[in-house]
Amino acid sequence: MDWSQELLGSTIWLVKAMAITLLVSAVAIRLLTRHTLWGKQFWRLAGEFFLPAKNGWRPLLAILLILLITLAGVRVNVLFSNWYNGMYTALQKWDAKLFWSSMWIFVALATVHVGRSLLEYYLQQAFVIRWRQWLNEGMLKRWLNRQAYYRTAHLENPSDNPDQRIQQDIASFVSSSLSLSMGVIDALVSTFEFTLILWGLSGVLTLFGVDIPRGMVFMVYVYVIIATVLAFRIGKPLIRLNFLNEKLGADYRYSLIRLREYGESVAFYRGEAVEGRTLRHRFDNIIDNVWQIVFRSLKFSGFNLVVSQTAAVFPFLIQAKRFFAKQISLGDMVQTAQAFGQLQGNLSFFRSAYDSFAEYKAVLDRLTGFMDAVEAAAHLPQPHHTLREAGLTLHGLNVRRPDKLPLLSKLDLTLEGGQALLIRGPSGSGKTTLLRAIAGLWPYCDGQMQHPWPDQLLFLSQRPYLPLGTLRDALYYPNQASHDDSGAVAALQAVHLGHLADKLDVDTDWSHTLSLGEQQRLAFGRLLLTAPRVAFLDEATSAMDEGLEDALYRLLRERLPHTTLISVGHRSTLLAHHDQQLLLEGGGNWQLQPT
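Each residue of the sequence shown is one higher than the one before, counting from 5 in this note's numbering.
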């Protein structure tokens, strides 16, 4: 081998390999995305990332550079194979000059190899990070758009553990997509190159009295194909087991989070035994599945180890006769073993990486299942909304339970700016559901609605939502703009929370710091600061005494005289603060009366 010409030769090889790889890859991608389920799933998740019209040229240029670096790695391995031959031949011939010359060649090859490996790592990680950012942003938009995070709960088959799919599965999908695709390309190109090397080193193989020219090449292909087919049969159950492992783990994690969230209620009930049984049952399901993975992996890994160990001595056994007959040199013998190992490893890529492909397929199923749920939620029915300057109009509104039984039938209602309506009725008659329907959250309804822009509506629930962050963030939620202290302090004092005025910038979990009554008062402060056109109060004073409730409602009517109030509550004392009451009688019946 003429090492002085190798730089030019390797450059030409890279250009040819890049052109052929791009052509074959383009055809393969087109076929896979059109004719295979997992190819369609991949393109659905990531297709727009690689389209210049959608996302610019940067991702395509990055993947082309990574591909070039991967092919350069194949070429370096081929050069190392030739170097081994020359070095061992020098040793066999006792040629010191050739030996030391080969050492300098090794220094050059090793330097290129180290630099290429570090550059490949950086490029791949940078690409993965940007791809993950893009995909995470896309998933978050889908999850938040049209309140899919809430509406998916009303699907017949909702997506389980969406938090895991956004946080964990996206990262796994991106890293696995790149590693597996580059692994396939590396394996295929290396297979071609080392087949040529082994073809030149192979002689006649006599098998059962039959002479087979270049027999070693055919033997390695037969050997690996049989091993791969058997490995696929052994490893196939790992796809389902890995899917279940992620699902069961997420279910167990959710149960732990839920126990923390409702810790006070569980403690009051002394429900530790019940919660413990639930947690242990879900954990036992994880362990049972893990044991199944262990036993299946033992079979799969054991088979792979047997195949790999057998392959380690196979080329020496085949070439031993030619070596001792002095038909080949020691360098040829070593390069044969090295080329055989490379070829066997490359051909075995799909067998060795089967569990990775199994996990990847499970991730594809989870992410596309998540997207299916989001798209299905977007197609759930909802009433027709039109805009009006102030107040609220409902015309022919029908609200049903999920089982299609009516809660409200043909509700007609008009409220002008500044008017107040109290909704009353027995438990289960649909009071809160009516508010959900008006907000566009309840899919089992139809009719016409007129109200101001959504950002001019504010809903106060029985247990107010307090975001993570400072007390100021909780007070102004969902308005994220900065505000001065005077308005916030005045609002706290107005709702009898003046003792919290010096804690506006304290960052803590306020939903666990404040009592329910304090949280409800804080929500009234939020209402005063937001001053919406229409406010919905769903049992918003249930944790207050009647005196405090009366004071806060009087405050609202005084400070927000043009805001339309719609309250849900059971106390008759609320009637004094409302102009009309809507009585829900169940079965779709209702009455609208003055107070």
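The C-beta atom is built at its ideal place from N, Cα and C for all residues, glycine as well.
Is it true that the CB of residue j sits closer than 8 Å to the CB of residue i?
i	j	result
G422	T567	yes
A539	L462	yes
H582	L425	yes
S433	L556	no
T474	L504	no
A88	G239	The sequence given here places Tyr at residue 88; Ala does not occur at that position. Taking 8 Å as the Cβ cut-off, Y88 and G239 do not qualify as a contacting pair.
Q466	S519	no
L464	A580	no
E420	G444	no
M22	L72	yes
V193	T15	no
Q342	S85	yes
L541	V572	yes
T552	L531	According to the sequence displayed, residue 552 carries Leu and not Thr. Taking 8 Å as the Cβ cut-off, L552 and L531 do not qualify as a contacting pair.
L182	Q339	no
M337	Q346	no
E250	A366	yes
Determine the DSSP secondary structure at residue i, reduced to helix, strand or coil.
i	result
R274	coil
K101	helix
Q595	strand
A115	Rather than Ala, the amino acid found at residue 115 in this sequence is Thr. T115 falls in the helix class under three-state DSSP.
G142	helix
T156	helix
T545	coil
R467	coil
Y125	helix
D255	helix
Y364	helix
Y266	coil
D173	helix
A343	helix
L148	helix
A357	coil
L472	coil
Among the options, which residue has its Cα nearest to the Cα of residue i?
i	options	result
L533	L564, L102, L95	L564
L401	R244, D416, R392	D416
A495	A535, L518, L464, L520	A535
V493	R244, L586, N161, R476	R476
V224	G142, Q348, G280	Q348
W7	G43, L411, V82, G77	V82
G373	S515, T156, R274	T156
L159	D506, D99, L384, L526	L384
T93	Q584, K330, D459, L531	K330
A32	I189, M143, F54, G267	I189
R405	D288, W446, A362, A382	W446
E363	F177, L68, L55	F177
T599	I427, E550, V499, R558	I427
D554	T577, H117, L569, Q171	T577
Specify, as a first and last residue, the run of the alpha helix (DSSP H) that residue i falls within.
i	result
Q45	41-50
G521	520-534
T93	62-96
T517	514-517
L496	489-498
L1	The structure shown does not extend to residue 1, since the chain is modelled only from 5 to 599, so the question has no answer here.
L579	Taken as a continuous stretch (DSSP letters only), L579 belongs to no alpha helix (DSSP H), as it is neither H nor E.
K507	No alpha helix (DSSP H) contains K507, which DSSP labels as neither H nor E.
D477	475-480
N483	Unbroken run through N483: none, as it is neither H nor E.
P456	Unbroken run through P456: none, as it is neither H nor E.
P162	It is not in any alpha helix (DSSP H) - P162 carries neither H nor E in the DSSP assignment.
N59	56-59
At which residues does the beta strand (DSSP E) containing residue i begin and terminate?
i	result
D542	538-542
G590	584-590
V572	568-572
L4	An answer regarding residue 4 cannot be provided, because it is not within the stretch 5 to 599 covered by the chain.
Where are the alpha helix (DSSP H) runs, 4 residues long or more, that stay fully inside the region 282-339, in chain order? none
What runs of the beta strand (DSSP E), each 3 residues or longer, lie entirely inside the region 366-454? 388-391, 396-404, 410-419, 424-428
Which runs of the alpha helix (DSSP H) fall wholly inside the region 176-245 and span at least 4 residues, in chain order? 219-239
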